[in-house]
Structure formats: structure tokens, C-alpha cells
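In the working numbering, the protein residues as written are 27 to 319.
Shown next, in C-alpha cells, is the structure this report addresses.
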């Protein structure tokens with residue numbers, strides 16, 4: 027599918043943290059890059075709280091995010107969108123994809139998938155290193171699946187990726203997006219992700235689905251995020267095509283690493299902005315350290 031450099035009347039950027047921990051320097055780099063580009067292009071900068079993980083996301087973390095952003099001197103335009111307030115809309119969209127035969131229920135646990143692929147040699151993995159789903163439930167009888175769902179059996183809803191690619195007309199599984207900064211078209215490879223999860227029994231959406239819908243709803247024209255999310259854009263472009271949504275320009279900034287060479291991450295308890303503040307580091311020093319002085 028061909029694509030060209032999009033032309034936007036009013037640039038709209040967004041910073042979309044998840045309140046499942048405190049922000050670190052990597053988040054500061056991301057939001058400050060968004061701020062700089064929004065200012066350069068005369069656009070808006072929105073704040074979105076991506077809190078679909080109802081078990082790990084906490085109000086105190088959201089409060090901490092707002093405190094950190096205010097400390098850095100960030101100002102945002104418009105109302106803050108909180109994803110947990112829009113589950114009904116996400117479920118409605120997933121239902122529409124399912125009605126089109128693009129989504130199917132899967133009852134396989136991680137252990138079941140691990141056992142299934144463990145019996146086969148050289149099984150392919152996705153860009154995150156997880157084994158591709160072997161398609162065990164794709165042939166499940168719809169009536170049987172409905173009975174199992176009605177009985178409350180745990181399940182997820184997966185995108186039938188080959189069908190999705192064929193539907194959007196991606197030649198050999200490729201579609202294209204425009205990467206700002208490098209001024210080039212980048213061919214994405216959605217097939218390498220296999221049948222990704224779009225929703226779960228307990229949460230009627232996923233990061234991939236909610237981020238695509240919210241970007242379109244909020245009129246986001248420029249998505250600025252870390253290089254670690256570049257591969258995920260494969261999935262996002264396919265969903266945008268399936269749902270008739272615009273594809274923003276994408277810009278991927280480098281990742282920051284600690285003294286051991288590992289990327290900064292909440293899961294690794296990397297030093298947070300709050301920790302730095304307690305040590306007496308100023309917001310101005312953070313901006314200067316990251317090249318925004």
C-alpha cells in the first residue's frame with residue numbers, strides 16, 4: 027500500500043504515560059522531545075493517561091506523574107484523556123472487528139502456548155522475543171467458543187493477522203508509515219507479530235488498540251516515542267487501515283541506559299525523577315543533561 031508524506035493543518039503531539047510507577051529520565055527525554063517539536067511546529071501538546079492495566083496502575087502514580095511534569099515546567103493543552111474511562115468504546119470497536127471476521131477468541135494460556143511451540147524446532151518469535159501464537163484456537167467452532175465464553179472461561183481476543191493484512195491490501199504483508207525527522211517512508215512488517223492480542227476477558231482492550239483509537243480521536247498528528255516501540259508501529263498501521271483512521275507521522279527518539287548498559291525502565295526500578303529531585307537535582311539541570319537547556 028503506497029503512502030506519502032501527510033500534510034497536517036495543525037500539528038498535535040501527545041505524551042501518554044502509564045501510571046504504574048514513577049517517571050524516570052527516559053520519560054523526561056520523551057516528553058521534552060514532544061514539547062520541543064510541538065513548539066517548533068506551532069502545535070499542541072496533549073497529556074493522556076494510559077491506565078488500562080487496572081491492577082498495576084494506581085492513583086498515587088498518576089499524581090506523581092503530574093507532579094513530575096509540573097516540576098519539569100511542562101504545560102499541556104486541552105483536557106486529559108484517561109483510558110480507563112473509555113472501556114465501553116474500545117469493546118465496541120473490538121466487537122466490530124470480530125463481526126468482520128478479523129478477531130477470534132483464544133483460550134490458550136501462556137503455558138499452553140509454550141508447550142505447543144516447544145514441541146517444534148526453530149519456532150519463530152516476535153520482535154519482543156515472544157513465540158508467535160501457533161493459531162491453536164483459530165479453528166475453534168464459534169458455538170463452542172460462545173459456550174466457553176458464557177461459562178466465564180478466561181480468554182483473549184486475537185487479531186487474525188493474515189486476514190487483516192489481506193484486508194488492507196498490504197502487498198506481501200507490507201504497508202508504510204512516514205517517519206518524521208528522517209523524512210522517509212518506512213515499510214512495516216505486521217506479519218512478524220502474528221495474531222496479536224487486542225483484548226482480554228478482564229480488560230476489553232490492549233495497548234495497541236487503545237493507542238490507535240485515542241490518537242485518532244484526539245487528532246494526534248505526530249507520535250513521538252522511544253525506539254523500543256518502533257516495531258509496534260507495524261500493528262498500529264494495520265489497525266489504522268482496518269478502522270479507516272489516519273496514520274500520524276512517527277518520530278522515534280533514542281533510549282537512555284544506566285551505568286550497566288541496560289535501558290531505563292520502571293520494571294527495573296530505575297532512578298526516578300522523584301529520586302533525583304530528592305537528591306537536589308533541579309529541573310533545569312535535567313533539561314540541560316538531556317539537551318534541552
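Every residue gets a Cβ at the ideal spot worked out from N, C-alpha and C, and that includes glycine.
Using the C-alpha atoms, what's the distance from residue j back to residue i?
{"i": "residue 176", "j": "residue 170", "result": "10 Å"}
{"i": "residue 208", "j": "residue 59", "result": "15 Å"}
{"i": "residue 53", "j": "residue 146", "result": "40 Å"}
{"i": "residue 275", "j": "residue 241", "result": "11 Å"}
{"i": "residue 162", "j": "residue 134", "result": "8 Å"}
{"i": "residue 199", "j": "residue 74", "result": "Because the pLDDT of residue 199 is 47, which lies under 50, any placement of that residue in the model is unreliable, and the number read from its coordinates should be weighed accordingly. Using only the alpha carbons, I get a separation of about 31 Å."}
{"i": "residue 138", "j": "residue 159", "result": "10 Å"}
{"i": "residue 178", "j": "residue 311", "result": "53 Å"}
{"i": "residue 280", "j": "residue 168", "result": "45 Å"}
{"i": "residue 51", "j": "residue 172", "result": "46 Å"}
{"i": "residue 210", "j": "residue 204", "result": "6 Å"}
{"i": "residue 55", "j": "residue 317", "result": "9 Å"}
{"i": "residue 286", "j": "residue 108", "result": "35 Å"}
{"i": "residue 174", "j": "residue 35", "result": "49 Å"}
{"i": "residue 192", "j": "residue 267", "result": "11 Å"}
{"i": "residue 42", "j": "residue 76", "result": "6 Å"}
{"i": "residue 31", "j": "residue 106", "result": "Since pLDDT at residue 31 reaches only 48, below the 50 mark, its modelled position is unreliable, and no value is offered."}
{"i": "residue 217", "j": "residue 303", "result": "44 Å"}
{"i": "residue 116", "j": "residue 239", "result": "8 Å"}
{"i": "residue 46", "j": "residue 126", "result": "34 Å"}
{"i": "residue 44", "j": "residue 219", "result": "23 Å"}
{"i": "residue 277", "j": "residue 248", "result": "7 Å"}
{"i": "residue 188", "j": "residue 288", "result": "34 Å"}
{"i": "residue 350", "j": "residue 252", "result": "Nothing about residue 350 can be read from this structure; the chain reaches only from 27 to 319."}
{"i": "residue 89", "j": "residue 195", "result": "44 Å"}
{"i": "residue 246", "j": "residue 258", "result": "17 Å"}
{"i": "residue 309", "j": "residue 103", "result": "21 Å"}
{"i": "residue 197", "j": "residue 226", "result": "Legend: pLDDT at residue 197 = 49, less than 50; position of this residue unreliable, no value from coordinates given."}
{"i": "residue 111", "j": "residue 229", "result": "12 Å"}
{"i": "residue 291", "j": "residue 237", "result": "20 Å"}
With residue i as the anchor, note down where its beta strand (DSSP E) starts and where it stops.
{"i": "residue 122", "result": "Here residue 122 belongs to no beta strand (DSSP E); instead the alpha helix (DSSP H) covers 113-125."}
{"i": "residue 25", "result": "Limits of the chain in this structure are 27 at one end and 319 at the other, which puts residue 25 out of reach."}
{"i": "residue 226", "result": "223-226"}
{"i": "residue 132", "result": "129-132"}
Identify whether residue i lies in helix, strand or coil by the three-state DSSP scheme.
{"i": "residue 311", "result": "helix"}
{"i": "residue 316", "result": "coil"}
{"i": "residue 183", "result": "strand"}
{"i": "residue 177", "result": "coil"}
{"i": "residue 95", "result": "helix"}
{"i": "residue 198", "result": "Low local confidence applies: a pLDDT of 44 at residue 198 is under 50, so the model's placement there is unreliable, and no value is given."}
{"i": "residue 280", "result": "coil"}
{"i": "residue 218", "result": "helix"}
{"i": "residue 87", "result": "helix"}
{"i": "residue 136", "result": "helix"}
{"i": "residue 30", "result": "In this prediction, residue 30 scores a pLDDT of 46, lower than 50, which makes its location untrustworthy; the coordinate-derived value is nonetheless stated afterwards. Coil."}
Would you grab the beta carbon distance between residue i and residue j for me? Rounded to a whole angstrom, and I think it's under 8 Å.
{"i": "residue 231", "j": "residue 78", "result": "6 Å"}
{"i": "residue 69", "j": "residue 38", "result": "6 Å"}
{"i": "residue 152", "j": "residue 184", "result": "Not really, about 13 Å apart at Cβ, beyond 8 Å."}
{"i": "residue 313", "j": "residue 319", "result": "5 Å"}
{"i": "residue 80", "j": "residue 224", "result": "Actually they do not touch by this definition, with Cβ atoms about 17 Å apart."}
{"i": "residue 100", "j": "residue 244", "result": "Not quite, the Cβ-Cβ distance comes to about 17 Å (not below 8 Å), so this is no contact."}
{"i": "residue 63", "j": "residue 250", "result": "6 Å"}
{"i": "residue 298", "j": "residue 48", "result": "4 Å"}
{"i": "residue 186", "j": "residue 128", "result": "6 Å"}
{"i": "residue 57", "j": "residue 95", "result": "7 Å"}
{"i": "residue 181", "j": "residue 131", "result": "5 Å"}
Over the uninterrupted alpha helix (DSSP H) stretch that includes residue i, give me the two end residues.
{"i": "residue 239", "result": "233-243"}
**Message:** Please give me, in chain order, every unbroken run of the beta strand (DSSP E) with length at least 3 that falls completely inside the segment 138-174.
**Reply:** Fully enclosed beta strand (DSSP E) runs of no fewer than 3 residues are not present anywhere in the segment 138-174.
**Message:** Ignoring anything shorter than 4 residues, give me the alpha helix (DSSP H) runs that lie fully in the segment 35-82, in order along the chain.
**Reply:** Every alpha helix (DSSP H) of 4 residues or more that sits fully in the segment 35-82 is shown, in chain order, as 51-67.
**Prompt:** Which runs of the beta strand (DSSP E) spanning at least 3 residues fall entirely within the segment 250-308, listed in chain order?
**Reply:** The qualifying runs are 275-279.
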